[in-house]
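In my numbering, the protein residues as written are 11 to 300.
Glycine is no exception: its CB is placed at the ideal position from the N, C-alpha and C atoms.
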Amino acid sequence: MSDPFANLISILDLEQLEHNLYRGTSPQGGWQRVFGGLVISQALVAATRTVEPDRHVHSLHGYFLRPGDPAVPIIYQVDRLRDGKSFTTRRAIAIQHGQPIFSLSCSYHRPEEGWHHQATMPDVPTPDQLPSLAELKDQFLGHLPKVVRDYWERERPIELRPVDMKRYTARTPREPRQYIWIRAARRLPDDRALHEAVLAYTTDMTLLDTTLVAHGKSVFDPDVQPASIDHAMWFHAPFKMDEWLLYAQESPFTGGARGFARGEIWQEGRLIASVAQEGLIRKRWDKPPV
11 MSDPFANLIS
21 ILDLEQLEHN
31 LYRGTSPQGG
41 WQRVFGGLVI
51 SQALVAATRT
61 VEPDRHVHSL
71 HGYFLRPGDP
81 AVPIIYQVDR
91 LRDGKSFTTR
101 RAIAIQHGQP
111 IFSLSCSYHR
121 PEEGWHHQAT
131 MPDVPTPDQL
141 PSLAELKDQF
151 LGHLPKVVRD
161 YWERERPIEL
171 RPVDMKRYTA
181 RTPREPRQYI
191 WIRAARRLPD
201 DRALHEAVLA
211 YTTDMTLLDT
221 TLVAHGKSVF
231 DPDVQPASID
241 HAMWFHAPFK
251 MDEWLLYAQE
261 SPFTGGARGF
271 ARGEIWQEGR
281 LIASVAQEGL
291 IRKRWDKPPV
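Next up, the structure:
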């Protein structure tokens, strides 16, 4: 996987096997299971391939059913649930080894004019005011645990620029909130559906980790067993994934070995998407609790 960006664009270009049936692959990077963001984005691509081009996704809701096997292809079966005058509804099921591993429902809307309001974009330092990846390596990475250091040093198709790296250096309980600037590592083709798929891919990064901030923990900790359970997105406005977006994340609740987090995604002062996710944040025990 010498070029993660080119590889991502390639694996999002699904192979059509038959009417409503597509096949996708996973990067061969030594992962034990398929990254959740990948199966979200590929399922969205499969569903979008069956929708008229004048309609754009405005919401998606997905459930992770089984861990994905990165060694074998993923088959996506699309059900055309509804083609209305203004809205189109699709369901995409990701299948491996004869069993569903992920289920996605998504809705598409023909553009219309209407009332508009939005919240105010958080006031945080801009990407230019923050350390670059090279500067992060010099300033912070040497002080981080190896598993965290490996994550930030790994070449990836998405550039991440955290507003506050102290989240990973000071393991003390804090307000369950974090801000991360995101963008594609290189320019993308002028294809709105592709930008939406890449954003869907990216939103599964870091969001579940927000649920652990209040506890001074991280998904990288050996005593935490994390896994996404479900994922939802609402697309509010067009955007450019190859330009900086602010991913503002917060977690209003954890409990019962599950954590809930939500995010707002901003670009140039516009709220372009909202995200919500619940995930498993089970505590690993060296010895089972009595």
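query = By a C-beta neighbour count over all protein chains shown, 10 Å radius and 16 as the cutoff for buried, is Y257 buried or exposed?
reply = buried
query = Run through DSSP, which three-state label would H241 get?
reply = strand
query = For the alpha helix (DSSP H) that contains V88, what are its first and last residues?
reply = For V88, there is no enclosing alpha helix (DSSP H); the residue is part of the beta strand (DSSP E) that begins and ends at 84 to 93.
request  = Tell me whether G124 sits in a helix, a strand or coil according to DSSP, three-state version.
outcome  = Correct three-state label for G124: coil.
query = Does the distance from the C-beta atom of Y118 to that of R65 stay below 8 Å?
reply = The Cβ atoms of Y118 and R65 lie closer than 8 Å to each other.
Integer-rounded CB distance, given that L114 should sit under 8 Å from L70 = Indeed, because the Cβ distance is near 6 Å, the residues count as touching under 8 Å.
ask   = Which residue spans inside the stretch 139 to 217 form an unbroken beta strand (DSSP E) run of at least 3?
value = Taking only runs of at least 3 residues, the beta strand (DSSP E) segments lying wholly in the stretch 139 to 217 are 168 to 172, 187 to 194.
ask   = Can you tell me where the alpha helix (DSSP H) with G47 in it begins and where it stops?
value = 46 to 58
task = Give the secondary structure of A247 by DSSP, where H, G and I count as helix, E and B as strand, and everything else as coil.
result = coil
key: Outcome for H363 when other beta-carbon atoms lying within 10 angstroms are tallied against a minimum of 16   = This structure leaves residue 363 out entirely; the chain is present only between 11 and 300.
request  = Assign V300 to one of two classes, buried (16 or more other C-beta atoms within 10 Å of its C-beta) or exposed (fewer than that).
outcome  = Low local confidence applies: a pLDDT of 42 at V300 is under 50, so the model's placement there is unreliable, with the coordinate-based value given in what follows. Taking all protein chains in view, the Cβ of V300 is surrounded by fewer than 16 other Cβ atoms within 10 Å, so the residue is classified as exposed.
ask   = What's the gap between the Cα of K250 and the Cα of L146?
value = 25 Å
request  = Mark A16 as exposed unless 16 or more other C-beta atoms lie within 10 angstroms of its C-beta, in which case mark it buried.
outcome  = exposed
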